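Per numbering that gives the first Met the number 0, the sequence shown starts with residue 0, numbered consecutively.
For each residue, glycine too, the CB sits at the ideal point set by N, CA and C.
All of these numbers come straight from a predicted model, not from anything done at the bench.
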Amino acid sequence: MTPEEKLAELGLTLPEVVAPLAAYVPAVRSGDHIYTSGQVPMVDGKLAQTGKVGAEVSLEEARDLARICALNALAAVKSQIGDLSKIKRIVKVVVFVASTPDFTAQPQVGNGASELLRDVLGDLGVHARSAVGVSVLPLDAPVEVELIAEV
């Protein structure tokens with residue numbers, strides 16, 4: 000089953016690549032790797048939710064937002080290679096969580112992104128990862144995800 004078929008089986012569609020919010024591109028290919036810019040949880044051109052995780056945004060909502068970010072990152076990868084079947088593996092994922100000072104479940108938020116990549120790509124989606132708390136993200140997004148894919 001191709002990654003696109005797996006997305007359909009999961010009831011998901013790959014969105015259009017999110018337009019950059021500043022002076023950068025959504026993804027860059029260098030040799031056998033695609034590096035995505037940080038992807039915030041944009042849906043149909045709008046931020047799905049704003050606020051801090053641990054205050055206005057729950058852990059469960061943040062996991063779902065990380066999933067949206069990962070889907071946007073896959074769209075950025077596809078824009079560089081044309082077909083997600085060309086992914087050899089997801090090498091690294093970085094998850095930024097805008098959270099309150101006492102919130103310490105950033106890894107659980109990151110699982111939303113990691114599980115989506117595993118569900119879509121199987122073993123090729125299993126990766127190294129960092130999940131860090133930050134004070135604020137662009138547009139007051141609760142979560143941002145970037146990744147490196149080997150192709």
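query	result
Quick check on DSSP: helix, strand or coil for G132?	strand
How do the segment 5 to 25 and the segment 65 to 77 stand: do at least 3 beta-carbon pairs fall below 8 Å, yes or no?	yes
Helix, strand or coil for I147, going by three-state DSSP, please let me know.	strand
Return the chain-ordered ranges of every alpha helix (DSSP H) run that is complete within the segment 4 to 86 and spans a minimum of 4 residues.	58 to 80
For a quick check, are the C-beta atoms of D139 and L9 less than 8 Å apart?	no
Tell me F95's beta-bridge partners as DSSP assigns them.	V131 and E143
Please report the straight-line C-alpha distance between I33 and E149, rounded to a whole angstrom.	6 Å
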